[in-house]
Amino acid sequence: MDNLIFYFDIEHAIHEHDWIIEVSGGLSGCREIGLLESALMHIQNDLYYPTFEEKLKHLVYAVNKFHPFNDGNKRSSLVLGAYFLELNGYGYCVSKFIHEMEEIVVWLAEGKIKDDLLLEIIESIIYEDEFNEALKLKIIEAVL
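The numbering of the sequence shown is my numbering, which starts it at 141 and goes up by one.
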């Protein structure tokens, strides 16, 4: 894959969030739209996030931890991450991403998963068939 990365705008992010709330319930609306704008702008900064994996990690982390929405931030971080993968030609791992990240986003919100471990998890989802034993052990140690 070449270095061209595709991004989505805030309207799309809000639309996806609204769909999540409509389908699974919760409180609609943005709590702080500036936090969402910031996350979407920062991932475009190649100095801070030079690789696709780092951009994806920050997107998931920022939506999850900074709570730009009134509700559904964990769900939104998962769906927006999956969309970012699909948009950039990683469609082959979207289902795996959603499946593997379902608990990870909860642990991330609880502060059990730190951003460096989140990056390792995302890289594994993209490039490996399954988590290697060392990564599994890191995850277990983080959540216990």
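The beta carbon of each residue, even a glycine, is placed where N, CA and C say it ideally should be.
Margin query: For a quick check, are the C-beta atoms of residue 209 and residue 170 less than 9 Å apart?
Written below: It is a contact, given that the beta carbons lie within the stated cut-off.
Using the rule of at least 16 other Cβ atoms within 10 Å of the residue's Cβ for burial, across every protein chain shown, is residue 241 buried or exposed? By the neighbour-count rule (16 or more Cβ atoms within 10 Å), residue 241 is buried.
message = With a threshold of 8 Å on Cβ separation, who are the neighbours of residue 156 within its own chain once the five nearest residues in sequence on each side are excluded?
response = Non-local beta-carbon contacts of residue 156 in its own chain, meaning distances under 8 Å to residues more than five positions away in sequence, involve 216, 219, 220, 223 in chain order.
query: How many angstroms separate the CA atom of residue 207 from the CA atom of residue 268?
result: Taking the straight line joining both Cα atoms gives about 30 Å.
Notebook entry, point to check: Can at least three beta-carbon pairs, one atom from the stretch 198-206 and one from the stretch 175-187, be found at a separation below 8 Å?
Noted result: They touch, by the three-pair rule.
Start-end ranges of the alpha helix (DSSP H) lying completely within the stretch 234-273, minimum 4 residues | Entirely contained in the stretch 234-273, the alpha helix (DSSP H) runs reaching 4 residues are, in chain order, 234-249, 255-267.
Q.
For a test of the three-state rule: what should DSSP assign to residue 141, helix, strand or coil?
A. Because residue 141 carries a pLDDT of 45, less than 50, the predicted location of this residue cannot be relied on, and the following value inherits that uncertainty. In the structure shown, residue 141 sits in coil (DSSP, three-state: anything other than H, G, I, E or B).
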